[in-house]
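Trainee:
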Amino acid sequence: MAFDDLRAWIDDLEERRDLQRIGAQIDWDEELGAITREISSQFGPALLFENIKDHNSTFCHRLFTNGTGTRERVCRFIGVPESTSYREMVPIFKERFSHPVKPARVAKGPVKENILRGAAIDLNQLPVPKWNPLDGGRYIMTSATVVTRDPETGILNGGTYRGMITGKNTIGVLLAMTQGWGKHFSKYKGRGQEMPVAVVIGPPMLGTPVLSQKGNGVISRVVPNVTCQRTAPDAKSTAVNVPHGGALQGAPQGDRSNSRRTA
Numbered sequence: 007m008a009f010d011d012l013r014a015w016i017d018d019l020e021e022r023r024d025l026q027r028i029g030a031q032i033d034w035d036e037e038l039g040a041i042t043r044e045i046s047s048q049f050g051p052a053l054l055f056e057n058i059k060d061h062n063s064t065f066c067h068r069l070f071t072n073g074t075g076t077r078e079r080v081c082r083f084i085g086v087p088e089s090t091s092y093r094e095m096v097p098i099f100k101e102r103f104s105h106p107v108k109p110a111r112v113a114k115g116p117v118k119e120n121i122l123r124g125a126a127i128d129l130n131q132l133p134v135p136k137w138n139p140l141d142g143g144r145y146i147m148t149s150a151t152v153v154t155r156d157p158e159t160g161i162l163n164g165g166t167y168r169g170m171i172t173g174k175n176t177i178g179v180l181l182a183m184t185q186g187w188g189k190h191f192s193k194y195k196g197r198g199q200e201m202p203v204a205v206v207i208g209p210p211m212l213g214t215p216v217l218s219q220k221g222n223g224v225i226s227r228v229v230p231n232v233t234c235q236r237t238a239p240d241a242k243s244t245a246v247n248v249p250h251g252g253a254l255q256g257a258p259q260g261d262r263s264n265s266r267r268t269a
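Each residue of the sequence shown is one higher than the one before, counting from 7 in this note's numbering.
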């Protein structure tokens, strides 16, 4: 059984008693990350933090982690028997990647229920943790899908790049020119243009960073896509959060990064 969105996945986990809601106050500064690592190392339940320090009254106040912390959960969200081993998943993924399912373009979706623009954008309203002691700050992008479009061919690229909040409306990301979006950036730079970027957080396949012009190859089913409000890339209509804006070269911050401004 595959799931339409993150909410359906959380509901299923709770029905199976494979989700632990945490009502005690937890500090976003290293404590939340430490708890997640410990529970994950024990192949424990998925976690839903509902009382995060400094975020009781912010725009977003809950955080879901460890959703794919066991092999059985991975099997469920990709729609294969729970007895499937990781080795057995390899040919399944190869087959699905060879026959991707083309996405369906839709006009609207849950991801557009709440739209913030301009001065209303404040990334600090999201309960993003400082995951590790040596992190330079709060990483909002850990397994998100970063979507860009080739300005010449129109082909989309989706990749996973760590991104740290560096300001009210900026995210610092290492932009390597050898990566897919780095090649796109070089083309936009040559044209003297800002590169449109969309970051998909909490998509139907729960963060799995697989995207192609042909379609989805992970869950082997039609996934609805919407056009972003301001930028060119498409995004999953059932995603939880899609910050989007433009990529600009900037000074290193945190662990060497380029700046990405949200719209």
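Just so you know, even glycine gets a beta-carbon here, dropped at the ideal spot from N, CA and C.
CA-CA distance, R168 and R22?
Mentor: As a working note, residue 168 is residue 162 in the sequence shown. As a working note, residue 22 is residue 16 in the sequence shown. In a straight line, the C-alpha of R168 is about 31 Å away from that of R22.
Trainee: Identify whether V205 lies in helix, strand or coil by the three-state DSSP scheme.
Mentor: Locating residue 205 in the sequence shown gives position 199, counting from the first residue. Three-state DSSP puts V205 in a strand.
Trainee: I think G39 touches W137, with their Cβ atoms under 8 Å apart; what is that distance to the nearest whole Å?
Mentor: Indexing the sequence shown from 1 puts residue 39 at position 33. Indexing the sequence shown from 1 puts residue 137 at position 131. Right, the Cβ-Cβ distance comes to about 4 Å (below 8 Å), so this counts as a contact.
Trainee: On the three-state DSSP scale, how would you describe I32?
Mentor: In the sequence shown, the residue the question calls residue 32 occupies position 26. I32 falls in the strand class under three-state DSSP.
Trainee: If you draw a straight line from the alpha carbon of I121 to that of G115, how long is it in whole angstroms?
Mentor: Reading the sequence shown from its first residue, position 115 is the one you call residue 121. Reading the sequence shown from its first residue, position 109 is the one you call residue 115. Taking the straight line joining both Cα atoms gives about 12 Å.
Trainee: Please go through the same chain and pick out, in chain order, the residues whose beta-carbon is closer than 8 Å to the beta-carbon of D17, but skip the five residues on each side of it.
Mentor: What you label residue 17 is simply residue 11 of the sequence shown in a count that begins at 1. The answer is none, since no qualifying residue turns up.
Trainee: Taking only runs of the beta strand (DSSP E) that begin and end inside the segment 30-73, which ones reach a length of at least 3 residues, in chain order?
Mentor: With a minimum length of 3 residues, the continuous beta strand (DSSP E) runs that stay inside the segment 30-73 are 52-55 and 69-71.
Trainee: For T42 and P135, I'd like the C-alpha separation in whole angstroms.
Mentor: Along the sequence shown, one-based indexing puts residue 42 at 36. Along the sequence shown, one-based indexing puts residue 135 at 129. The straight-line gap from Cα to Cα measures roughly 11 Å.
Trainee: Could you check if I161 is buried or exposed, using at least 16 other CB atoms within 10 Å of its CB as the buried criterion?
Mentor: Reading the sequence shown from its first residue, position 155 is the one you call residue 161. Counting Cβ neighbours within 10 Å, I161 comes out exposed, since fewer than 16 surround it.
Trainee: Quick check on the burial criterion: 16 or more other C-beta atoms within 10 angstroms. Buried or exposed for N62?
Mentor: Taking the first residue of the sequence shown as 1, we reach residue 62 at position 56. N62 should be labelled exposed.
Trainee: With contact counted as at least three CB pairs below 8 Å, one residue from each stretch, are the segment 74-90 and the segment 175-191 in contact?
Mentor: Taking 8 Å as the limit for Cβ pairs, the verdict is that the segment 175-191 does not touch the segment 74-90.
Trainee: From the DSSP secondary-structure annotation, give me the bridge partner or partners of M147.
Mentor: For the purposes of this step, residue 147 is taken as residue 141 along the sequence shown, with counting starting at 1. M147 pairs with G169.
Trainee: Measuring only the C-alpha atoms, how far is Q48 from G124?
Mentor: By one-based count along the sequence shown, residue 48 stands at place 42. By one-based count along the sequence shown, residue 124 stands at place 118. Roughly 43 Å between the two C-alpha positions.
Trainee: Grab me the residues of Y92's own chain with a C-beta within less than 7 Å of its C-beta, minus the 5 sequence neighbours each way, in chain order.
Mentor: In the sequence shown, counting from the first residue as 1, residue 92 sits at position 86. The answer, listed in chain order, is R77.
Trainee: What residues in its chain sit with their C-beta under 6 Å from that of V80, if we drop five residues either side in the sequence?
Mentor: Against the sequence shown, residue 80 aligns to sequence position 74. Hits under 6 Å: T74.
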